[in-house]
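Enquirer: Numbering (this note's numbering), first residue to last: 31 to 144. Note that the Cβ used here is the ideal one computed from N, Cα and C, for glycine as well. Let me begin by handing over the structure; questions about it come next.
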Amino acid sequence: KSQKFKSAHTELRRLEKKRESLIEYFIDELNPISSSKANTSARSTGNLDLFNERVLYRKALSEKSDEEIIALVIKQRTEAAVEFKRSIEQSLNQLSHISSEFDPSSQKRRKMSL
């Protein structure tokens, strides 16, 4: 019986660490200032403003509940997907327009070569 309890406890600890790791990952994903950008700015200019701003964003995000953080990640990823879809549709429309402009001229060239 104690072995069952021990393995259940170990599994709970593993899952809790996994949850914490995911939340940390999501907080980093939501932070608009990347760590590399903040660190590079601090190293190159000696100015810690960007670094401190990143810390403030992180603190504000850390104070949110897991549910709020997950909802923000879903919202951000959905917005990014919609924007990506819009960009693809725009590119396809441009390609279609360019293609239709070339069709008549290529037909004229074919007629001239005959």
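How big is the Cα-Cα spacing for Ala111 and Lys31?
Expert: 49 Å
Enquirer: With H, G and I counted as helix, E and B as strand and the rest as coil, what does DSSP make of Lys57?
Expert: Reading off the sequence, residue 57 comes out as Ile, not Lys. Note: Ile57 maps to helix in three-state DSSP.
Enquirer: Count the CB pairs spanning the segment 56-65 and the segment 97-111 that are closer than 8 Å, and state whether there are at least three.
Expert: yes
Enquirer: Okay, do the segment 33-51 and the segment 66-75 touch, 3+ Cβ pairs below 8 Å being the bar?
Expert: Touching, no.
Enquirer: Mapping DSSP to helix, strand and coil, what is Leu86?
Expert: helix
Enquirer: To the nearest angstrom, how far is it from the Cα of Asn82 to the Cα of Ala101?
Expert: So the two alpha carbons sit approximately 25 Å from each other.
Enquirer: For Ser67 versus Leu80, is the C-beta distance shorter than 8 Å?
Expert: According to the sequence displayed, residue 67 carries Lys and not Ser. In contact: Lys67 and Leu80 (Cβ atoms closer than 8 Å).
Enquirer: Less than 8 Å between the C-beta atoms of Ile99 and Phe56, yes or no?
Expert: yes
Enquirer: If Arg43 and Ser65 are in contact, beta carbons under 8 Å, what's the gap, nearest whole angstrom?
Expert: With 8 Å as the limit, Arg43 and Ser65 do not qualify as a contact, their Cβ atoms being about 27 Å apart.
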